[in-house]
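Before any comments, here is the structure.
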Amino acid sequence: MRIALLLIVLLLVSCRKEEPPAPTPEQSAQLNDAESMLNDLATEEGPANRSAGPSNSSD
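Numbering follows numbering that gives the first Met the number 0, in which position 31 of the sequence shown is assigned residue number 30; successive positions increment by one, without gaps.
This is the structure:
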């Protein structure tokens, strides 16, 4: 009986929801700025032109 109770308690303790803390407003602003910069870089570069690179085919 004690073992069953111990197993139930261990099961309940292991099911706790553990999440990292939410970012502070300052951290959130930094993350938003970083995301914006990455989006701007991706937009500036555009799709890669694959035809300009060396060919691996052996003609």
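Every residue gets a Cβ at the ideal spot worked out from N, C-alpha and C, and that includes glycine.
If residue i sits next to residue j, beta carbons under 8 angstroms apart, how far is it from one beta carbon to the other, in whole angstroms?
{"i": "Leu30", "j": "Pro22", "result": "7 angstroms"}
Taking just the CA atoms, how far does residue j sit from residue i?
{"i": "Arg1", "j": "Ile7", "result": "10 angstroms"}
{"i": "Asp39", "j": "Asp32", "result": "10 angstroms"}
{"i": "Glu17", "j": "Leu10", "result": "14 angstroms"}
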